[in-house]
Structure formats: C-alpha cells, structure tokens
Amino acid sequence: MRRPPYHPPIFFLLAALLLIVSGCAAPAAPPSAAPAGGEAAAPAAEAPAAAAPAAGQQAAPQPVAEQPIAALPATVGPGSPVGAANVVYDLPDLAGRVVVAVTGNDYIPLNFIDPASGKAVGWEYDAVNEICRRLNCVVDWQVTSWDAMIPAVAAGQFDVGMDGITITD
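Residue numbering for the sequence shown follows this note's numbering, beginning at 385 and increasing consecutively.
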C-alpha cells in the first residue's frame with residue numbers, strides 16, 4: 385500500500401479548524417480588577433446587538449455566554465500573548481445525524497491502528513469525534529484505500545475524508 389507523504393501544513397490547518405470551532409481563537413479580555421477599598425467593580429455594559437446581514441449574506445455566529453471551552457496558551461508574534469475568550473459560538477445542532485467519515489488507517493500520528501490495543505487511534509479520530517460531539521452528530525468511521533478516498537468523498541459515498549490530505553493546487 386502506498387503511504388502518502390507527510391504534509392505538516394494539514395496538521396496546522398486542522399488544528400486551526402479545531403481552535404475556531406472551540407472558540408479558542410478569539411483573544412481573551414483581561415480580568416477586571418476590583419477598585420481600591422474592597423468595593424465590587426461595576427458590571428460591564430452589554431455589547432450592542434449585531435446588525436442584520438445584507439441581502440445574500442449569511443449572518444455571523446453570535447457569541448453565547450458560557451464558560452470557556454479551553455484555555456490554550458498561544459502567542460502571535462514576538463511577545464504578544466493570546467488566550468481563550470469566555471465565549472463560545474452558536475454551533476449548528478445536527479440532532480444526532482450520522483456523519484460518515486473515511487480514513488486509510490495508515491498515517492501515524494494522524495490515523496492508525498494501535499498495535500497494543502488493536503483500536504483505531506490518532507489525531508484525526510480525536511478531532512472529528514470532538515467536532516461531532518460539539519455539533520451533536522455521530523461518526524460512522526469507514527476505512528478505504530488512499531487512492532479511492534477522494535473520488536468516494538466527491539461522489540457522496542462518504543461525508544468527510546481524513547487522511548493527511550493537503551490541497552496542492
């Protein structure tokens with residue numbers, strides 16, 4: 385079986401997708417300090433409602449007040465800290481829909497069979513399972529060859545293909 389070459393950019397693109405879906409890409413607001421004398425700080429004013437989208441445009445997801453999903457430390461440029469915001473975005477509810485995902489199970493560390501347990505594991509399994517958890521869908525994992533994967537997804541046989549795929553054109 386031909387093993388596809390390792391393409392680091394796909395890992396970073398998938399990581400960025402997961403950060404966007406989790407709401408971790410937005411910068412955190414600094415914590416407000418209580419005024420001197422032990423008095424409580426005044427509550428912050430609420431943000432104005434977003435304007436309606438123009439004709440033919442899709443509305444942007446609106447933040448929902450919740451606890452942060454994750455706090456991943458990151459930096460953007462030299463010395464500029466970025467953290468998780470205390471909001472998540474309205475995500476579509478797929479109401480338990482089955483999403484058929486396909487992989488080749490031959491691309492360590494993205495997808496492979498763990499020799500110790502015999503279970504299918506890897507970053508792509510973790511990412512798609514987490515995305516489906518957040519979107520309220522169920523993953524039906526299928527395995528096919530690398531050569532058959534893209535044509536099968538394009539033909540609608542599978543909903544998504546996961547196998548270290550990189551756009552090269």
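Think of the CB as a built atom: it goes at the ideal place given N, C-alpha and C, for glycine as much as any other residue.
Please determine, among the options, the residue with the shortest C-alpha to C-alpha distance to residue i.
| i | options | result |
| --- | --- | --- |
| Leu475 | Ser501, Asp524, Leu519 | Leu519 |
| Gly546 | Asn513, Ser501, Asp477, Ala479 | The amino acid occupying residue 546 in the given sequence is Met; Gly does not appear at that position. Answer by Cα proximity: Asn513. |
| Ile534 | Cys521, Thr550, Cys516 | Thr550 |
| Asp477 | Cys521, Ile497, Asp510 | Cys521 |
Tell whether a beta-carbon distance below 7 Å holds between residue i and residue j.
| i | j | result |
| --- | --- | --- |
| Asn489 | Glu508 | no |
| Val523 | Cys516 | yes |
| Gly548 | Tyr473 | no |
Below 8 Å on the Cβ atoms is my contact criterion, and I expect residue i with residue j to pass it. Report the Cβ-Cβ distance as a whole number of Å.
| i | j | result |
| --- | --- | --- |
| Ala504 | Trp530 | Contact flag wrong, Cβ pair sits at about 16 Å. |
| Pro493 | Gly480 | Not really, about 30 Å apart at Cβ, beyond 8 Å. |
Let me know the secondary structure DSSP gives residue i once reduced to three states.
| i | result |
| --- | --- |
| Asn495 | strand |
| Asp510 | helix |
| Asp531 | helix |
| Ala347 | Residue 347 falls outside the range modelled here, since the chain spans only 385 to 553, and no answer is possible. |
| Ala485 | strand |
| Gly548 | coil |
Under the criterion of a Cβ to heavy atom distance below 6 Å, does residue i qualify as lining the ligand FMN?
| i | result |
| --- | --- |
| Gly502 | With respect to the ligand FMN, the structure shown offers nothing to examine, as it has no ligands at all. |
Pairing CB atoms from the segment 535 to 553 with CB atoms from the segment 476 to 491, are three or more of them under 8 Å? yes
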